[in-house]
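Since the structure comes first, as structure tokens, the remarks are kept for the end.
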Amino acid sequence: MKYGYFDNENREYVIEKMDLPTSWTNYLGVENMCAVVNHTAGGYMFYKSPQYHRITRFRANAIPLDRPGHYVYIRDDETKDYWSISWQPVGKPLAQADYQCRHGLSYTKYSCRYKDIAGTQTLVIPRGDDVELWDVHIKNESDKVRNLCIFSYCEFSFHHIDMDNQNFQMSLYAAGSSYENGIIEHDLFYEEFGYQYFTANFKPDSFDCLRDKFIGLYRTENNPLAVEQGKCGGSYEKGSNHCGSLQKKITLGPGEEIRLVFMLGEGNREAGSAIREKYSNLDNVDKVYDDLRQYWDSKLSKLQINTPNIGMNTLINIWNIYQAEINIMFSRFASFIEVGGRTGLGYRDTAQDAMTIPHSNPEKCRQRLVELLRGLVSAGYGLHLFQPEWFDPDNKAKPFKSPTVIPAPSREEMVHGIEDACSDDALWLVSAIVEYVKETGEINFIDEIITYADQYTARKDTVTARKDTVTARKDTGGGSVYEHMIKILDFSTEQVGENGICKGLRADWNDCLNLGGGESTMVSFLHYWALKNFVELAKYLGKVEDVKKYSMVMKNIAKAADEQMWDGSWYIRGVTKNGKKIGTWSDKEGKIHLESNTWAVLSGAAPYDKGIKAMDSINEYLSTPYGIMLNGPSYTQSDDDIGFVTRVYPGIKENGAIFSHPNPWAWAAECELGRGDRAMGFYNALCPYHQNDMIEIREAEPYSYCQFMMGVDHTAYGRARHPFMTGSGGWAYFSATRYMLGIKPQFENLEIDPCIPGEWEKFQVTRVWRDGTYHIQVENPEHIMKGVKELYLDGHKVKDIPQLKGTHEVRVVMGNQQERI
Ligand code: NOJ
Numbered sequence: 013m014k015y016g017y018f019d020n021e022n023r024e025y026v027i028e029k030m031d032l033p034t035s036w037t038n039y040l041g042v043e044n045m046c047a048v049v050n051h052t053a054g055g056y057m058f059y060k061s062p063q064y065h066r067i068t069r070f071r072a073n074a075i076p077l078d079r080p081g082h083y084v085y086i087r088d089d090e091t092k093d094y095w096s097i098s099w100q101p102v103g104k105p106l107a108q109a110d111y112q113c114r115h116g117l118s119y120t121k122y123s124c125r126y127k128d129i130a131g132t133q134t135l136v137i138p139r140g141d142d143v144e145l146w147d148v149h150i151k152n153e154s155d156k157v158r159n160l161c162i163f164s165y166c167e168f169s170f171h172h173i174d175m176d177n178q179n180f181q182m183s184l185y186a187a188g189s190s191y192e193n194g195i196i197e198h199d200l201f202y203e204e205f206g207y208q209y210f211t212a213n214f215k216p217d218s219f220d221c222l223r224d225k226f227i228g229l230y231r232t233e234n235n236p237l238a239v240e241q242g243k244c245g246g247s248y249e250k251g252s253n254h255c256g257s258l259q260k261k262i263t264l265g266p267g268e269e270i271r272l273v274f275m276l277g278e279g280n281r282e283a284g285s286a287i288r289e290k291y292s293n294l295d296n297v298d299k300v301y302d303d304l305r306q307y308w309d310s311k312l313s314k315l316q317i318n319t320p321n322i323g324m325n326t327l328i329n330i331w332n333i334y335q336a337e338i339n340i341m342f343s344r345f346a347s348f349i350e351v352g353g354r355t356g357l358g359y360r361d362t363a364q365d366a367m368t369i370p371h372s373n374p375e376k377c378r379q380r381l382v383e384l385l386r387g388l389v390s391a392g393y394g395l396h397l398f399q400p401e402w403f404d405p406d407n408k409a410k411p412f413k414s415p416t417v418i419p420a421p422s423r424e425e426m427v428h429g430i431e432d433a434c435s436d437d438a439l440w441l442v443s444a445i446v447e448y449v450k451e452t453g454e455i456n457f458i459d460e461i462i463t464y465a466d467q468y469t470a471r472k473d474t475v476t477a478r479k480d481t482v483t484a485r486k487d488t489g490g491g492s493v494y495e496h497m498i499k500i501l502d503f504s505t506e507q508v509g510e511n512g513i514c515k516g517l518r519a520d521w522n523d524c525l526n527l528g529g530g531e532s533t534m535v536s537f538l539h540y541w542a543l544k545n546f547v548e549l550a551k552y553l554g555k556v557e558d559v560k561k562y563s564m565v566m567k568n569i570a571k572a573a574d575e576q577m578w579d580g581s582w583y584i585r586g587v588t589k590n591g592k593k594i595g596t597w598s599d600k601e602g603k604i605h606l607e608s609n610t611w612a613v614l615s616g617a618a619p620y621d622k623g624i625k626a627m628d629s630i631n632e633y634l635s636t637p638y639g640i641m642l643n644g645p646s647y648t649q650s651d652d653d654i655g656f657v658t659r660v661y662p663g664i665k666e667n668g669a670i671f672s673h674p675n676p677w678a679w680a681a682e683c684e685l686g687r688g689d690r691a692m693g694f695y696n697a698l699c700p701y702h703q704n705d706m707i708e709i710r711e712a713e714p715y716s717y718c719q720f721m722m723g724v725d726h727t728a729y730g731r732a733r734h735p736f737m738t739g740s741g742g743w744a745y746f747s748a749t750r751y752m753l754g755i756k757p758q759f760e761n762l763e764i765d766p767c768i769p770g771e772w773e774k775f776q777v778t779r780v781w782r783d784g785t786y787h788i789q790v791e792n793p794e795h796i797m798k799g800v801k802e803l804y805l806d807g808h809k810v811k812d813i814p815q816l817k818g819t820h821e822v823r824v825v826m827g828n829q830q831e832r833i
């Protein structure tokens with residue numbers, strides 16, 4: 013069953029059936045302000061941090077579904093009937109009104125046609141201004157004059173997620189509101205910069221700043237008293253819960269139309285007044301869309317594809333890159349699942365995000381790399397989850413001091429010890445750095461001196477769990493990026509268990525497979541991959557000794573893999589602290605795991621024949637029509653020797669779900685084996701585009717990879733959950749473009765080595781790499797899956813595609829003879 017369609021020309025997903033089985037979300041804002049909104053205008057907005065600086069309130073995981081939001085109500089003053097432009101909160105019967113929601117890149121447009129009144133409400137956050145605009149158009153499509161009232165509504169938050177949800181002693185009596193000159197000011201009295209404003213491009217006829225006055229007691233957003241009565245009550249107060257409601261009476265003749273703009277922003281009344289002036293000029297509102305369009309154009313145009321797979325084209329050209337960008341911007345801290353309470357950078361997730369899109373967002377990727385390098389402990393492991401400001405030597409931000417005593421964590425708590433280290437975290441960073449340099453050519457980055465997390469002096473008295481918690485001494489030394497990389501690699505070389513396999517420590521990529529701290533084959537393979545990338549870099553830098561030394565470490569891992577990790581048809585997943593091998597043929601549950609096998613192949617550690625066998629086993633035991641399961645059969649017996657995974661319901665998340673993030677590892681692994689048909693089969697299964705007409709099963713949005721889909725061992729097999737904030741966003745993009753389409757930047761040349769389905773005749777890619785634009789035409793006359801026979805640059809046969817300025821035509825002829833000039 014379908015609920016909408018992809019409008020690729022406008023880069024929008026259009027939802028036409030509003031009663032979706034779950035919220036379908038979008039992200040607004042690309043700088044400091046961000047709003048996460050769903051198909052019914054439910055959602056919330058924050059400034060920089062959803063945990064510490066929430067602007068609008070959201071009752072997550074509650075009923076009615078995903079409320080409140082940023083709503084506009086319309087009331088017909090003659091009939092007293094009212095509705096909202098977004099289907100909810102009023103929720104007119106779908107047979108009586110036409111609703112639509114268009115999720116675009118950084119904006120969402122809601123529309124409604126009811127009783128011959130057409131209304132649209134577009135939510136958008138401009139670049140350069142910390143404000144959300146609600147761009148509202150109302151048109152009278154009837155043949156008589158209509159007298160209408162328009163109301164806005166949003167509910168303000170107490171900023172701090174904890175203070176908004178518990179112990180209201182301070183917050184409830186310290187938040188105030190006032191109204192003056194068409195501007196509502198919301199004020200958190202004890203915060204120095206605790207202001208928001210709500211205003212509009214018109215003089216309101218009435219207003220309400222108090223939520224409970226606008227809504228009325230024993231009512232909800234469905235039937236607010238003010239809307240029912242046709243007028244706000246002019247409420248405001250020091251203390252209490254606050255809202256932004258402005259009301260305007262309008263009269264529209266037949267065919268007449270009006271445009272109103274509401275503005276919800278960060279800052280006090282003065283800031284609101286300046287913004288009001290700016291966006292009362294509607295040209296400035298129009299410019300916001302043009303500007304965002306250009307912003308996304310410039311990102312998307314760095315890589316555009318035209319292949320025989322429309323789903324792949326749609327994802328790679330629009331939605332997948334959008335999702336990967338959202339992840340690098342907002343990490344994992346803002347969604348309807350992650351609703352604050354987990355801000356800061358997750359080490360592994362951020363490193364992978366940064367690795368996957370340095371071409372479209374080099375600045376942000378670089379910023380993330382530096383933050384992660386600063387979050388590296390000099391022993392060589394990363395801080396699993398940390399606030400980057402803690403380790404920013406230039407950070408001057410003042411901590412917010414709550415009047416309620418919150419015990420300040422000690423420095424030791426911020427720089428945790430090895431007992432809290434995850435074995436994979438920092439390994440991802442090595443490859444991310446190499447990828448960044450290959451993309452940008454910024455080789456000097458490798459020499460940059462960066463501090464280690466444990467090289468700071470902490471002033472105990474200023475330490476809180478929030479913002480600027482340590483005072484950094486700039487003279488503490490630190491090391492070059494290259495040295496950081498060595499520390500990471502050496503850490504994993506040293507942290508090896510009895511079997512010669514890397515210790516799993518608290519966990520590896522799989523948060524729930526703890527192995528009691530035993531050994532993780534996945535990490536050994538990941539170590540191998542990081543070493544491989546590092547050795548390439550060391551070679552390029554002419555560091556002969558390092559090349560020798562680290563190549564030897566790789567050899568040892570390959571030997572251990574062969575001797576200790578192979579189980580006959582696939583690689584085991586690990587060894588528990590008590591010496592039990594996990595993921596073996598003789599296991600009844602958790603027999604085979606995706607991570608270890610894909611990484612054995614993708615890293616290059618597995619010999620070809622074992623790689624083929626391992627991936628065939630993955631196909632046989634774990635692949636489904638919706639993607640590949642993480643492991644199987646699911647665990648049903650809890651076993652703390654294996655880990656928390658055995659306490660997760662079978663078929664959900666890490667216990668046998670179709671976990672999206674490792675799926676692209678399988679595509680890449682298959683490409684390393686030269687099996688383009690298999691890679692594309694796996695790709696298509698997971699591709700959300702291809703699940704657009706099975707929403708009764710998938711439930712979640714088809715324009716975003718979700719973290720997981722229930723596996724075969726669950727009753728809701730195929731149901732997807734956790735959109736946007738997942739490592740599958742970046743990895744799907746990375747594997748599809750680098751491995752399947754085969755466009756891989758190297759230090760000095762642009763490598764093109766696709767692995768595609770044999771039936772493909774040809775495909776095109778436009779790739780911007782450094783200062784050059786390459787129009788690449790790949791031809792496959794022999795219908796093979798991998799292998800390049802001839803390469804042409806601007807009509808001349810060449811061996812490599814070098815770094816060039818300007819625009820160039822590249823022709824790649826695939827074929828079995830490796831016959832290059
Ligand atoms: C989600 C976490 O954010 C990520 O770090 C982890 O790798 C996966 N879950 C798998 O456990």
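Here the working numbering is used: position 262 in the sequence shown is 274, and no number is missing along the way.
Think of the CB as a built atom: it goes at the ideal place given N, C-alpha and C, for glycine as much as any other residue.
Nonlocal neighbours in the same chain, by C-beta distance under 6 Å from residue i, ignoring five residues either side
i       : result
Pro-676 : Trp-743, Ala-744, Ser-747
Arg-823 : Gln-789, Tyr-804
Ser-190 : Glu-197, Tyr-248
Gly-245 : Asp-220, Lys-225
Pro-769 : Gly-688, Asp-689, Met-692
Pro-793 : none
Asp-176 : Ser-169, Phe-170
Val-825 : Glu-791, Lys-801, Glu-802
Limits of the alpha helix (DSSP H) - the one that residue i falls within
i       : result
Arg-360 : 359-368
Val-547 : 533-553
Met-13  : Where Met-13 is concerned, there is no enclosing alpha helix (DSSP H), given that its DSSP letter is neither H nor E.
Val-300 : 294-312
Residue-chain proximity (residue i, chain C), Cβ-Cβ < 7 Å
i       : result
Lys-127 : Annotation note: the requested chain C is absent from the structure, which comprises a single protein chain.
Start-to-end residues for the beta strand (DSSP E) that takes in residue i
i       : result
Asn-38  : 38-40
Phe-131 : Looking at the sequence shown, residue 131 is not Phe but Gly. Counting along the chain, the beta strand (DSSP E) containing Gly-131 begins and ends at 129-136.
Ala-732 : 732-735
Met-797 : Taken as a continuous stretch (DSSP letters only), Met-797 belongs to no beta strand (DSSP E), as it is neither H nor E.
Trp-679 : Note, Trp-679: premise wrong, no beta strand (DSSP E); alpha helix (DSSP H) at 675-684.
Gln-789 : 784-791
Neighbourhood of residue i by C-beta, 8 Å cutoff - its chain only, sequence neighbours within 5 removed
i       : result
Phe-398 : Gly-356, Leu-357, Tyr-359, Gly-387, Met-426, Ala-465
Gly-194 : Thr-211, Ala-212, Phe-214, Lys-215, Pro-216, Leu-258, Arg-288
Spatial neighbours of residue i in its chain, beta-carbon cut-off 7 Å, leaving aside the 5 residues before and after
i       : result
Leu-909 : No statement about residue 909 is possible, as the shown extent of the chain runs from 13 to 833 and does not include it.
Glu-337 : Lys-311, Ile-369, Ser-372, Asn-373
Distance cut-off 6 Å: residue i Cβ against heavy atoms of the ligand NOJ
i       : result
Arg-659 : no
Arg-380 : no
Phe-666 : The amino acid occupying residue 666 in the given sequence is Glu; Phe does not appear at that position. Yes, the Cβ of Glu-666 comes within 6 Å of a heavy atom of the ligand NOJ.
Trp-521 : yes
Asp-361 : yes
Quick test of the definition: if touching needs 3 or more C-beta pairs under 8 Å, does the stretch 509-516 touch the stretch 574-592?
yes
What runs of the beta strand (DSSP E), each 3 residues or longer, lie entirely inside the stretch 482-516?
Fully enclosed beta strand (DSSP E) runs of 3 or longer: not present.
Cβ contact (3+ pairs, closer than 8 Å) linking the stretch 85-94 and the stretch 155-166
yes
For the stretch 535-550 against the stretch 608-620, are there 3 or more C-beta pairs whose distance is under 8 Å?
yes
Runs of 4 residues minimum, wholly inside the stretch 563-622: which ones carry the alpha helix (DSSP H) assignment?
606-614
So within the stretch 707-768, which uninterrupted alpha helix (DSSP H) runs reach at least 4 residues, ignoring any that extend past its ends?
707-710, 739-746
I'd like the ranges of any beta strand (DSSP E) spanning at least 3 consecutive residues and lying wholly in the stretch 50-125.
55-59, 66-68, 83-88, 94-96, 110-116
Touching by the beta-carbon criterion (3+ pairs, under 8 Å), the stretch 113-123 and the stretch 18-29:
yes
Quick test of the definition: if touching needs 3 or more C-beta pairs under 8 Å, does the stretch 68-85 touch the stretch 42-60?
Touching, yes.
Any contact between the stretch 548-563 and the stretch 599-610? By contact I mean 3 or more CB pairs, one from each, below 8 Å.
no
Segments assigned beta strand (DSSP E), at least 3 residues, entirely inside the stretch 176-225:
187-192, 195-200, 207-212, 218-222
Please give the ranges of any alpha helix (DSSP H) in the stretch 235-280, keeping only runs that are unbroken, at least 4 residues long and fully inside the region.
Secondary structure remark: continuous alpha helix (DSSP H) runs of at least 4 residues inside the stretch 235-280, in chain order: 237-241.
Does the stretch 443-459 come into contact with the stretch 522-535, if we say contact requires no fewer than three beta-carbon pairs (one atom in each stretch) closer than 8 Å?
Because the criterion of three Cβ pairs below 8 Å is not met, the stretch 443-459 and the stretch 522-535 do not touch.
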